[in-house]
Amino acid sequence: MLGLLGAACVQTSTLPLDDRSCSTVELAGCAVRMLVDTGCEAMIFDPRGVQRLGLATAPRTAPDVTDATGITMPAMGVVTFEGLRFGTLTMSGDAAVLAVPAAWGEGVLGMSALQACCCIFDFRGGVLHVTAGDLGDELAALYRKKVVARLPLVGARSLPVLTVRVDDRVDVPVLVDTGAETTSLPASVVASLGLPSAADPMAAQRRAEAAELQRSLAEQIGPGGKVEVTVSTSPTRTSVGAHGQPVAEAMHLVRRLAIGPFVCRDVVATSSAEGRLGRDVLARVVWMLHGPRRELWLLEPN
Numbered sequence: 028m029l030g031l032l033g034a035a036c037v038q039t040s041t042l043p044l045d046d047r048s049c050s051t052v053e054l055a056g057c058a059v060r061m062l063v064d065t066g067c068e069a070m071i072f073d074p075r076g077v078q079r080l081g082l083a084t085a086p087r088t089a090p091d092v093t094d095a096t097g098i099t100m101p102a103m104g105v106v107t108f109e110g111l112r113f114g115t116l117t118m119s120g121d122a123a124v125l126a127v128p129a130a131w132g133e134g135v136l137g138m139s140a141l142q143a144c145c146c147i148f149d150f151r152g153g154v155l156h157v158t159a160g161d162l163g164d165e166l167a168a169l170y171r172k173k174v175v176a177r178l179p180l181v182g183a184r185s186l187p188v189l190t191v192r193v194d195d196r197v198d199v200p201v202l203v204d205t206g207a208e209t210t211s212l213p214a215s216v217v218a219s220l221g222l223p224s225a226a227d228p229m230a231a232q233r234r235a236e237a238a239e240l241q242r243s244l245a246e247q248i249g250p251g252g253k254v255e256v257t258v259s260t261s262p263t264r265t266s267v268g269a270h271g272q273p274v275a276e277a278m279h280l281v282r283r284l285a286i287g288p289f290v291c292r293d294v295v296a297t298s299s300a301e302g303r304l305g306r307d308v309l310a311r312v313v314w315m316l317h318g319p320r321r322e323l324w325l326l327e328p329n
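If you're matching positions, the sequence shown starts at 28 in my numbering and goes up one per residue.
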């Protein structure tokens, strides 16, 4: 009973969350679409947003920004902002200026903001539930989400790094990265486990589809007609980060990727310098980022 009473008193906000992890904040009386990115430490504003919102340039040295592909480049400058509202949280501070893909809106909301919040990410439901402070239990109770597991985030940095188990063989620390579309594993882990190329099972599926299409077209053409359907697959996937530079990464098949008690099967993961858990996996489960406790909670949906 006390839990329900406590939950009823919690100030929360429910924000829209699209499949790119973009949501809406409020600044200077304007709605601002931003990428909610757990894989980014800083706040970032695109030059378009800086101009539209009238943000003032700060006399600071522009920081280096590393995107999801591992490319590091200096920001274009630094601006100050005041009264940015993200759910129930109001914040002020500095932000880097960096041109970001238009699909991300006008900037990036990083861990400098998220570490003070509890956020329930429900990609399938298209919503983000937010409350400020150490109120994770109350937030889960309010939205009737059962906590299945409370997993510690590891490492000294503010970024959320979680330990996952790959193919029941090895534990691997990976960055929980809502800004990344796909999951990746460190190249050293891929090599040591001898993970198979994901191109082979994909090619078999495409060949089966091509054979079925060829049979169907031959039936439509009738006797004497000739049709040939060919298929090609690539063993690499091209990723594009905040800096807009495409990077080709080899694809590998992970049969079982365990996040606590939750198991993702047949994950196509790329190999890179560092591992990251992308939206292809994060969207399969409802979860909470508990910033104040540095934990990730797995939740059971309604």
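We treat Cβ as the ideally placed atom computed from N, Cα and C, and that holds for glycine.
Candidates V281, A89, L180: closest to G294 by CA position: Residue 294 sits at position 267 when you count from the first residue of the sequence shown. The question names Gly, but residue 294 is Val in the sequence shown. Checking every option, the nearest Cα to that of V294 belongs to V281.
Which same chain residues end up closer than 6 Å to A310 when comparing Cβ atoms and leaving out the 5 residues on each side of it in sequence? The sequence position of residue 310 within the sequence shown is 283, counting from 1. Hits under 6 Å: F150.
Alpha carbon to alpha carbon, what distance is there between E246 and E239? As a position in the sequence shown, residue 239 is number 212, starting the count at 1. As a position in the sequence shown, residue 246 is number 219, starting the count at 1. Each residue's alpha carbon lies about 11 Å from the other.
Identify the residues that DSSP records as bridge partners of W324: which are they? Residue mapping note: residue 324 aligns to position 297 of the sequence shown, counting from 1. According to DSSP, W324 bridges with R177, M315.
CA-CA distance, G287 and V203? As a position in the sequence shown, residue 287 is number 260, starting the count at 1. As a position in the sequence shown, residue 203 is number 176, starting the count at 1. Rounded to whole angstroms, G287 and V203 show a C-alpha spacing of 14 Å.
Can you list, in chain order, the stretches of the alpha helix (DSSP H) that have 4 or more residues and sit fully within the segment 195-239? Uninterrupted alpha helix (DSSP H) stretches at least 4 residues long and entirely within the segment 195-239 occur at 214-220, given in chain order.
I'd like the list of long-range same chain contacts for V154, defined as Cβ closer than 6 Å, with 5 residues on each side in sequence excluded. Residue 154 sits at position 127 when you count from the first residue of the sequence shown. Excluding positions up to five away in sequence, the list reads T41, L44.
Residues in its own chain within less than 8 Å of G182 by CB, not counting five upstream and five downstream? For the purposes of this step, residue 182 is identified with residue 155 of the sequence shown, where counting begins at 1. So the list reads V188, P200, once near-sequence residues are dropped.
What are the partner residues of L309, as DSSP defines its beta bridges? Stepping through the sequence shown from its first residue, residue 309 is reached at position 282. Note: L309 sits in no beta bridge, so no partner.
Any heavy atom of the ligand COA inside 7 Å of the beta-carbon of P90? In the structure on display, the ligand COA does not appear, and there are no ligands present to speak of.
Would A214 and A300 be called neighbours here (beta carbons separated by less than 8 Å)? Looking up residue 214 in the sequence shown gives position 187. Looking up residue 300 in the sequence shown gives position 273. Yes, Cβ-Cβ distance for A214 and A300 is below 8 Å.
With H, G and I counted as helix, E and B as strand and the rest as coil, what does DSSP make of A58? The residue given as residue 58 occupies position 31 in the sequence shown. Strand, per DSSP.
DSSP state of M103, grouped into three classes? Within the sequence shown, numbered from 1, the residue matching residue 103 stands at position 76. Coil at M103, not helix or strand.
Measuring straight from C-alpha to C-alpha, what distance separates T117 and T190? The sequence position of residue 117 within the sequence shown is 90, counting from 1. The sequence position of residue 190 within the sequence shown is 163, counting from 1. Straight-line Cα distance between these residues: approximately 31 Å.
In DSSP terms, what C144 is bridged to: Locating residue 144 in the sequence shown gives position 117, counting from the first residue. In DSSP, C144 forms a bridge with A159.
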